[in-house]
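Participant:
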Amino acid sequence: MDEWLSEEEQYKENLSIGEIHRIRDPKLREIRQKHWNYRHKIFIDEARISDQELVKLSNQDWELERKEMEEYKERKQ
Numbered sequence: 533m534d535e536w537l538s539e540e541e542q543y544k545e546n547l548s549i550g551e552i553h554r555i556r557d558p559k560l561r562e563i564r565q566k567h568w569n570y571r572h573k574i575f576i577d578e579a580r581i582s583d584q585e586l587v588k589l590s591n592q593d594w595e596l597e598r599k600e601m602e603e604y605k606e607r608k609q
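Sequential numbering from 533 applies to the sequence shown in our numbering.
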């Protein structure tokens, strides 16, 4: 396994799937991977989704992920 991400790196806004796999905390990794998978799925499905809808869905998911991470971080402390 590559080196684990630092606490600060784990909460960066944008992570690659490789970086997500380097998150030591399994629950945080699960949150990040769930949202990465969703955004990847809608991007792959772009032939059936308009550009505006793609942006809207992606932005909504970024906000949801941010909220989930904040809530998790607060519960963890």
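All C-beta atoms in this analysis are idealised placements derived from N, C-alpha and C, irrespective of residue type, glycine included. Note that the structure is predicted; figures quoted are calculated from it, not measured.
Write down the C-beta distance between Ile574 and Ser548 rounded to the nearest angstrom, noting that I regard them as a contact closer than 8 Å.
Facilitator: Counting from one through the sequence shown, the residue named residue 574 turns up at place 42. Counting from one through the sequence shown, the residue named residue 548 turns up at place 16. With a Cβ gap of about 17 Å, Ile574 and Ser548 do not count as contacting.
Participant: Ends of the alpha helix (DSSP H) at Ser590?
Facilitator: Locating residue 590 in the sequence shown gives position 58, where the first residue counts as 1. Where Ser590 is concerned, the enclosing alpha helix (DSSP H) stretches over Asp583 to Lys608.
Participant: Any contact of the stretch 577 to 595 with the stretch 547 to 565, i.e. 3+ C-beta pairs under 8 Å?
Facilitator: no
Participant: With a threshold of 16 other CB atoms inside 10 Å of the CB of Arg564, please say whether the residue is buried or exposed.
Facilitator: In the sequence shown, counting from the first residue as 1, residue 564 sits at position 32. By the 10 Å Cβ count, Arg564 comes out buried.
Participant: Could you tell me the distance, in whole angstroms, from the CA atom of Glu606 to the CA atom of Arg598?
Facilitator: Mapped onto the sequence shown, residue 606 falls at position 74. Mapped onto the sequence shown, residue 598 falls at position 66. Roughly 12 Å between the two C-alpha positions.
Participant: If we ignore side chains and look at the alpha-carbon of each, how far apart do Arg561 and Asn546 end up?
Facilitator: Here residue 561 corresponds to residue number 29 of the sequence shown, with the count starting at 1. Here residue 546 corresponds to residue number 14 of the sequence shown, with the count starting at 1. Answer to the nearest angstrom: the Cα atoms are 13 Å apart.
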